[in-house]
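Reminder that position 10 of the sequence shown reads as 9 in numbering that gives the first Met the number 0, one-by-one numbering, no gaps.
C-beta atoms are modelled at their ideal positions from N, C-alpha and C, and glycine is treated no differently.
Everything numeric in this text was worked out from a predicted model, so none of it was measured.
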Amino acid sequence: MTERSMAEIVMVDTFRAQTVWASWFFGFLILANIISVYFFNRSGEPIPGFLAFSQNSVSIFMLVVGIMAAYGFFAFFVRTGFTRKATFFGISGGALLLAILLTVLSVIIGLVEALIIGKLDLSVAIEPPVIFGLEYSMTLQILFNFLQIVLYFFVGWMIGTGYYRNGWVVGFLFVVVALFTFSVNDAFVNSSGIISNIPWMPDVSFESGAVVSAVVTVMMIVLLALWVRLMTKRISIKLQ
């Protein structure tokens, strides 16, 4: 069996298992959204669209999936004879497919939500997407949501691998790295001021700020993926 075929098997199997988890998760998320729409309908206040409503919850879900990748999927596939390289790329591919699926589902549910609110003539307005304190397009929101949940997955995988490989004491340092990563990401994505305060970019436009933020997020994802790859390259797999 070639490396590519092994990676494809890992990708399909992990994606299949994760979609089962995601179906349960989205069921509760939709229920929570329905409850929030009901209460906001009574108060008359605007609500975030489902894509914005679900962003933080989906990110945390992907963080947990990333941790599970280290303790569950990676160890399992290596124990059953798959190479570490194939397992790494297979899990990464499955995570990207899951991120695409969750993003598409969030968009579809958001569109259905807006349609239902319009048809039922509810006294609820959906807030426009906001980033850097400014309104922006749905396309940009979809891109940022996708990058965020991919980032959270690799942060979770980094934490899980750190604990699995080094134990609880040293593993705690990986939590510190994760918190630092979240802080940097939050500063670039959710802050309206950090981009404009960069000395060599004093007059950055909104569009340029969005590009810089996206590039920073992609760079962090790549660095985390490379780090996980290096840690798992010769990691000792526990029998149980």
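Short check: CB of residue i to CB of residue j, under 9 Å?
i	j	result
Phe187	Val211	yes
Val9	Ile236	no
Gly89	Ala6	yes
Val176	Leu95	no
Phe87	Thr231	yes
Phe152	Val64	yes
Ala68	Thr13	yes
Phe181	Met157	no
For residue i and residue j, what's the separation of their Cα atoms in angstroms?
i	j	result
Thr18	Gly48	23 Å
Thr160	Val227	7 Å
Ala213	Tyr163	30 Å
Trp167	Ile66	14 Å
Arg3	Ile141	30 Å
Gly170	Met61	19 Å
Leu100	Gly117	26 Å
Thr138	Leu97	19 Å
Tyr37	Phe72	39 Å
Ile193	Ile234	Because Ile193 sits at a pLDDT of 44, beneath the cut-off of 50, its placement in the model cannot be relied upon, and the point is left open.
Trp23	Ile59	15 Å
Trp20	Phe27	11 Å
Arg83	Asp185	32 Å
Leu229	Leu110	41 Å
Could you check which residue in the options has the C-alpha nearest to that of residue i?
i	options	result
Ile29	Phe173, Ser105, Arg228 and Phe73	Ser105
Ser35	Met67, Thr79, Arg83 and Glu112	Glu112
Asn55	Val217, Phe143, Val183 and Val175	Phe143
Met219	Val183, Ile234 and Arg233	Val183
Val221	Gly71, Val175, Val154 and Val169	Val154
Phe25	Val57, Tyr37 and Thr13	Val57
Thr216	Leu146, Met0 and Phe173	Leu146
Ile240	Ala69, Leu50, Val174 and Val63	There is simply no residue 240 to check, as the chain begins at 0 and stops at 239 in what is shown.
Arg15	Asp185, Phe27, Gly92 and Ile158	Gly92
Ile115	Asn32, Ala68, Asp185 and Trp20	Asn32
Phe81	Tyr70, Thr1, Phe27 and Val103	Thr1
Thr102	Thr79, Tyr70, Asp185 and Ser53	Ser53
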